[in-house]
Ligand code: C2E
Ligand code: MG
Ligand code: MG
Ligand code: MG
């Protein structure tokens, strides 16, 4: 793929397209080196229990502190890393970092009601990589993180059309005791019936669902839709997490609708791991 880009570079007439190609090419080429040089870092966004506002843990979100371009968000390099396969070592690194960090939170807060947990995003490419199960088991083993304190987030679209073979690794990971969340739920083909046989225990509702709840009163149709999803999810024993909670009104509506967990700027932006302490991790129930 990188070769293709490199080969095409000089044939592109449009100078902007050329610049874009070189940038993409440059970023892609530098990924392995950047990993070695420690240019990536992980931010953590708190995960909140809607009922009492307790901090339950956090989602790990990767960033690239690029020496020339500044801090790049995942949307700017994950697709490139996926197209070259570099997402495999990068994803493994994020998983290790996050597991180690969660273990640190746990040892710093031994009295916490339920040990702080960590969520890590998995790319579909990782899902199809044959070492995934061994890697997850290995990281849990090395860090000593209890499997129940780890949740792997997989997007709906990554599982679309996945047959039983493709789901096998995910099932084996779930059998280890690791939670699997269906991320960005509602943005793909929401095949609700597939929830019955996917090895997921958490539904992460996309923030599109909460747009109409930014203030009081909320859009009645949006309320109905979320109410229906929550009731279905709960009847299947799934936990419902809502992402992108930006206002107090949204938090109130979502709690009233029975959503379990929330994440978003209203509570906290993604930040360094220390920021979690300031959010009363010790009170997590
Ligand atoms: P995601 O897993 O759905 O993560 C949530 C995204 O929403 C994050 O963007 C987060 O910063 C942002 N967000 C959080 N609260 C709010 C809010 O209240 N309002 C709004 N508008 N946005 C909010 P971010 O960090 O840019 O990550 C984007 C996506 O990149 C993630 O979406 C995830 O799919 C992917 N990603 C991040 N880290 C990793 C990783 O380590 N591996 C893989 N494969 N993908 C990752
Ligand atoms: Mg996620
Ligand atoms: Mg999401
Ligand atoms: Mg999202």
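In the UniProt record's numbering, the protein residues as written are 441 to 725.
C-beta atoms are modelled at their ideal positions from N, C-alpha and C, and glycine is treated no differently.
By the neighbour-count definition (other C-beta atoms within 10 Å, threshold 16), residue 492 is an exposed residue. Every residue with a CB closer than 5 Å to a heavy atom of ligand 2 is listed here in chain order: 561, 593 and 623. Residue 518: member of the alpha helix (DSSP H) spanning 514 to 524, first to last residue. The DSSP-derived three-state label of residue 486 is strand. Around the Cβ of residue 717, a 10 Å sphere holds fewer than 16 other Cβ atoms; the residue is exposed. For residue 515, the shortest C-beta to heavy atom distance toward ligand 1 is below 7 Å. From the listed residues 479, 626 and 531, the smallest Cα separation to residue 511 is found for 479.
With a cut-off of 7 Å, the C-beta of residue 683 is classified as near ligand 3, since at least one heavy atom of the ligand falls inside that distance.
Taken through DSSP and simplified to helix, strand or coil, residue 531 comes out as helix. Residue 679 has its alpha-carbon roughly 23 Å from the corresponding atom of residue 580. In the assembly as shown, residue 648 is an exposed residue. Its beta-carbon has fewer than 16 other beta-carbons within 10 Å. Rounded to the nearest angstrom, the Cβ distance from residue 560 to residue 535 is 5 Å, consistent with a contact under 8 Å. Residues 625, 626, 666, 669, 680, 681, 682, 683 and 699 of the same chain have their beta carbon placed closer than 8 Å to that of residue 645, with the five preceding and five following residues left out of the count.
Counting only the Cα atoms, residue 622 lies some 20 Å from residue 528.
Shortest gap from the CB of residue 716 to any heavy atom of ligand 1: 7 Å or more. Bridge pairing for residue 501: 483 [DSSP]. Residue 506 sits in a strand when the DSSP states are folded into three classes.
Rounded to whole angstroms, the Cβ separation of residue 557 and residue 497 is 4 Å, and the two are in contact under 8 Å. Sequence-distant Cβ neighbours of residue 632 in its own chain, meaning closer than 7 Å and more than five residues away, are 672. Each residue's CA atom was taken as its position, placing residue 694 and residue 500 some 23 Å apart.
Secondary structure at residue 669: helix, using DSSP grouped into helix, strand and coil. Around the CB of residue 595, 16 or more other CB atoms lie within 10 Å, so the residue is classed as buried. Per DSSP, residue 593 is not a residue of any alpha helix (DSSP H); the beta strand (DSSP E) it occupies stretches across 590 to 595. Looking at the DSSP output, residue 619 bridges to 591. For residue 573, no beta strand (DSSP E) run applies; the uninterrupted alpha helix (DSSP H) run containing it begins and ends at 572 to 583, by DSSP. The alpha-carbon of residue 606 is positioned some 7 Å away from that of residue 568. Looking from the CA of residue 713, the closest CA among 513, 539 and 469 belongs to 539.
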